[in-house]
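Note sheet for the following structure.
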Amino acid sequence: MASLNKVLIMGNLTKDPEKPRRTPSGMAVIDMRVAMNRKFKTQSGEMKDETCFVNVSVWGRQAETCAEYLRKGSQVLIEGRLKYDEWEKDGQKHNRLSITGERVQFMSAPKQRTETGAGPGPGDDQSDVDVAPMNDSGRGPGPGPVGPAEGDPDDLPF
7 MASLNKVLIM GNLTKDPEKP RRTPSGMAVI DMRVAMNRKF KTQSGEMKDE TCFVNVSVWG
67 RQAETCAEYL RKGSQVLIEG RLKYDEWEKD GQKHNRLSIT GERVQFMSAP KQRTETGAGP
127 GPGDDQSDVD VAPMNDSGRG PGPGPVGPAE GDPDDLPF
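Encoded structure:
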């Protein structure tokens, strides 16, 4: 029987990522919490907001990069897989569905930590940071003005 376990989410971090933990083999791992918002209209015409919170684990070099550049509120696009955990604590069974992030793409400007280890604080001016829009494939700058406006063949650069 064939199966597929693939998840694609885009949302905002609910808090700063913590410093990466290390496995006994030395691999970095971080846990992040991502919030995704959905706005919809009810049958009565009332607008409603719904927020879904998801735990995401990221491993390896990508975990280190996320811990260094992401902050609370950073928008991320995460591709990964669902993971189901079960455990028992104090005689009670618990379970959790989370995401193991295989690829994390920063959708907002990265914010590097300062010497003290903290990122920019609330109200810090980020106006000098340029973010290029992404193209449809999610890789690199999006389409922008390349040459003259369409319609005048005499102005084409070739």
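What the sequence shown shows, in our numbering, is residues 7 to 164, in sequence order. Think of the CB as a built atom: it goes at the ideal place given N, C-alpha and C, for glycine as much as any other residue. The structure presented is a predicted model; accordingly, all values stated were derived computationally and were not measured.
Chain-order list of residues whose beta-carbon lies under 8 Å from that of residue i (same chain, five-residue window excluded)
{"i": "Arg-109", "result": "Gln-68, Ile-84, Glu-85 and Gly-86"}
{"i": "Glu-94", "result": "His-100"}
{"i": "Arg-28", "result": "Ala-34 and Val-35"}
Same chain, Cβ closer than 6 Å to residue i, neighbours up to 5 away in sequence not counted
{"i": "Ser-80", "result": "Leu-19 and Ser-114"}
{"i": "Tyr-90", "result": "Leu-103"}
{"i": "Lys-78", "result": "Leu-19, Lys-21 and Asp-22"}
{"i": "Glu-56", "result": "Arg-44"}
{"i": "Leu-14", "result": "Glu-85"}
{"i": "Cys-58", "result": "Met-42"}
{"i": "Pro-116", "result": "Tyr-75"}
Exposed unless 16 or more other CB atoms sit within 10 angstroms - verdict on residue i
{"i": "Met-33", "result": "exposed"}
{"i": "Ala-8", "result": "exposed"}
{"i": "Cys-72", "result": "buried"}
{"i": "Gly-66", "result": "exposed"}
{"i": "Met-16", "result": "exposed"}
{"i": "Met-42", "result": "exposed"}
{"i": "Leu-76", "result": "buried"}
Distance CB(residue i)-CB(residue j) smaller than 8 Å
{"i": "Asn-61", "j": "Ser-104", "result": "yes"}
{"i": "Val-64", "j": "Gln-111", "result": "no"}
Local conformation of residue i per DSSP, three classes
{"i": "Gly-66", "result": "helix"}
{"i": "Glu-56", "result": "strand"}
{"i": "Glu-74", "result": "helix"}
{"i": "Gly-51", "result": "coil"}
{"i": "Thr-20", "result": "coil"}
{"i": "Gly-107", "result": "strand"}
{"i": "Gly-86", "result": "strand"}
{"i": "Asp-96", "result": "coil"}
{"i": "Val-135", "result": "Reliability fails at Val-135, whose pLDDT of 33 lies under 50, so the model's placement of it is uncertain and no value is given."}
{"i": "Asn-11", "result": "coil"}
{"i": "Ala-34", "result": "strand"}
{"i": "Lys-45", "result": "strand"}
Beta-carbon separation (whole angstroms), residue i vs residue j, contact threshold 8 Å
{"i": "Pro-23", "j": "Val-35", "result": "Actually they do not touch by this definition, with Cβ atoms about 11 Å apart."}
Neighbourhood of residue i by C-beta, 7 Å cutoff - its chain only, sequence neighbours within 5 removed
{"i": "Lys-47", "result": "Met-53"}
{"i": "Thr-106", "result": "Ser-63, Gly-86, Arg-87 and Lys-89"}
{"i": "Glu-167", "result": "Any question about residue 167 goes unanswered here, given that the chain covers just 7 to 164."}
{"i": "Ser-50", "result": "none"}
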